[in-house]
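Engineer: Chains as they are written, first to last, in our numbering: chain A, 1 to 108; chain B, 109 to 223.
Glycine is no exception: its CB is placed at the ideal position from the N, C-alpha and C atoms.
Everything numeric in this text was worked out from a predicted model, so none of it was measured.
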Amino acid sequence: GQNIDQPTEMTATEGAIVQINCTYQTSGFNGLFWYQQHAGEAPTFLSYNVLDGLEEKGRFSSFLSRSKGYSYLLLKELQMKDSASYLCASAAGNKLTFGGGTRVLVKP
Amino acid sequence: EAGVVQSPRYKIIEKKQPVAFWCNPISGHNTLYWYRQNLGQGPELLIRYENEEAVDDSQLPKDRFSAERLKGVDSTLKIQPAELGDSAVYLCASSPTGGLTYEQYFGPGTRLTVT
């Protein structure tokens, strides 16, 4: 079976850093995705990790530890437009299982 | 490049009525997904197509839900009859292949309200 766990909500200040943790228990795991979803809009792809380690993409970085079943998404230099839900999704076979999403609120 | 197109964007129906959603994936994407997203939750897969074949419909409530992708391009998802608990956003996504190394591209969704 698949089980994805991430915090429901986080609040941070503009210009700060926020780390969103995700733990998963996935049979046949073959990768971890992060998506961003603004209210009322479609999820958009942020990152994909299949090997252990950190992947950096501008202000966003994603980390994976397969042995611990753990990933995090790091958002640096937060901007107001980063206020959104961040979805962690584990891949197994040809299927993505999403967590409930973490709603990030960026305050001035 | 045009993204995934879905229509309608919003639909309000009374319970027990039928409803249909339409999706046009990104050109050249062979894999098409239908998801349901309840408020405050992540998307849940309903069905996945590889071309015109439904290769994973294990989460589709087949007593009232049906889907088709006749020519391997556009797809329709139908609910008949709708129930109050079907109120959700129905998302369509596509990817170039069924392999998960390719990210899925999502459409804007259809927000269904059943009254």
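1. What is the DSSP secondary structure of residue 95 of chain A, counted as helix, strand or coil?
2. Do residue 116 of chain B and residue 218 of chain B have their CB atoms nearer than 7 Å?
3. Going by the CB atoms, is the gap between residue 75 of chain A and residue 60 of chain A shorter than 7 Å?
4. With three or more beta-carbon pairs closer than 8 Å as the criterion, would you say the region 20-30 of chain A touches the region 115-132 of chain B?
5. For residue 57 of chain A and residue 45 of chain A, I'd like the C-alpha separation in whole angstroms.
6. Is the beta carbon of residue 47 of chain A closer than 7 Å to that of residue 55 of chain A?
7. Buried or exposed for residue 223 of chain B, please, with buried defined as at least 16 other CB atoms from any protein chain shown within 10 angstroms of its CB.
8. What are the uninterrupted segments assigned as beta strand (DSSP E) that are 3 or more residues long and contained completely in the region 44-84 of chain A, given in chain order?
9. Using the beta-carbon count (16 or more within 10 Å), is residue 135 of chain B buried or exposed?
10. According to DSSP, is residue 178 of chain B part of a helix, a strand, or is it coil?
11. With a Cβ-Cβ cutoff of 7 Å, do residue 167 of chain B and residue 147 of chain B count as a contact?
12. If contacts are defined as beta-carbon pairs under 8 Å, then residue 215 of chain B and residue 199 of chain B qualify, I think. What distance do you get, rounded to the angstrom?
Structural biologist: Quick look at the numbers:
1. strand
2. yes
3. yes
4. no
5. Cα atoms of residue 57 of chain A and residue 45 of chain A: separation of roughly 12 Å, rounded to the nearest angstrom.
6. yes
7. exposed
8. 44-49, 53-57, 60-65 and 70-75
9. Exposed, by the Cβ-count rule.
10. Coil.
11. no
12. 6 Å
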